[in-house]
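In our numbering, the protein residues as written are 1 to 97.
Every residue, glycine too, gets a C-beta built ideally from N, C-alpha and C.
Model, not experiment: these values are computed from the prediction.
Report on the following structure.
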């Protein structure tokens with residue numbers, strides 16, 4: 001597993017998703033700089049993220065159910081610190097890298 005971003009919020013996202021989903025692959029990307037000046041941008045940075053998660057927990061789950069699993073693991077971060085989160089969630093048999 002890897003993380004494309006190393007800030008404290010990205011590290012917390014990585015740790016929580018690892019604990020909750022035991023992913024085979026996890027990439028956390030901080031997209032905040034691309035949103036500078038837009039609504040929700042936080043001067044502290046680390047406000048917009050993309051997560052790419054490949055986990056067996058997603059097998060047989062709908063797209064909405066997969067997003068709910070990710071959102072549940074990050075609930076308080078989403079409420080207090082993260083403005084936007086793009087989720088790419090796949091099961092191992094769907095992983096095309």
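Item                                                                                                       : Value
Coarse secondary structure for residue 74, derived from DSSP in three states                               : coil
Proximity of residue 21 and residue 64 at Cβ, strictly below 8 Å                                           : no
Selection from 92, 57, 29 that minimises the alpha carbon distance to residue 6                            : 29
Nearest neighbour of residue 26, chosen from 89, 9, 8 [CA to CA]                                           : 89
Cβ neighbours of residue 69 in the same chain (closer than 8 Å, five flanking residues each side left out) : 20, 21, 57, 58, 61, 89
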